[in-house]
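Worksheet: the structure to be examined is printed underneath.
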Amino acid sequence: MTPSRSTTVSRFIAAPRERIYRAFLDADAVATWLPPDTMKGIVHAFEGREGGAFSMSLVYPDDETSQPGKTSDKTDRFEGRFAKLVPDERIVWATVFDSEDEGFSGEMTVSTMLSPADGGTDVTMVCDNIPPGIRLEDNEEGCRSTLGKLAAFVGG
């Protein structure tokens, strides 16, 4: 049996938990803050409720040459569902990448916890069952970038 591949990234965001939680349930918001670094987000479908499905593409900039996409040369497309929602506390996404490469197959779970902190919220993202084709360091870096963009989006 292969051990589960996981990463954990945390960041303090100077915004209330309610505002951060809402940013996870709005398609336009997710398209803005979720894509790491200079990637662009395109939402294809989005049901922001527990059990609701979503589909999205993350598109690399034209000048990106260091990493190929999982779905095509410049795109990472994925589908998922809101597996668990605890208002203002926890968001759990179950996601599957659209890729013909077995190294990117399987369901990855992203659990985001929102903990009250003095002056804002401690946000912790735990990614479990990361496909073997994704380097753990790249996943961590992407999550750090995403949390930075989330902080900017919610004003924290």
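For the sequence shown, this note's numbering assigns the number 310 to the initial residue and increments by one for each residue that follows. We treat Cβ as the ideally placed atom computed from N, Cα and C, and that holds for glycine.
Around the beta carbon of ALA323, a 10 Å sphere encloses fewer than 16 other beta carbons of the protein chains shown; the residue is thus reported as exposed.
When C-alpha distances from ILE443 are compared across LEU423, GLY465 and MET417, the shortest belongs to MET417.
Under the DSSP assignment, LYS458 falls outside any beta strand (DSSP E), being part of the alpha helix (DSSP H) whose first and last residues are 445 to 463. Annotation for PHE413: no beta strand (DSSP E) segment contains it, and DSSP assigns it neither H nor E. Annotation: the continuous beta strand (DSSP E) that includes ASP431 extends over 429 to 437. In the assembly as shown, GLY412 is an exposed residue. Its beta-carbon has fewer than 16 other beta-carbons within 10 Å. In this structure, ARG399 sits away from GLY361, with a CB-CB distance that is not shorter than 8 Å. Residue range 326 to 333 is occupied by the alpha helix (DSSP H) that includes ARG326.
In the three-state reduction of the DSSP assignment, ALA336 falls in the helix class. Straight through space, the alpha carbons of LEU343 and VAL405 are spaced by roughly 16 Å. Straight-line measurement puts the Cα of VAL401 at about 6 Å from the Cα of LEU394. Under a 10 Å Cβ-count criterion, SER366 is classified as buried, with 16 or more other Cβ atoms of the shown protein chains found around its own Cβ.
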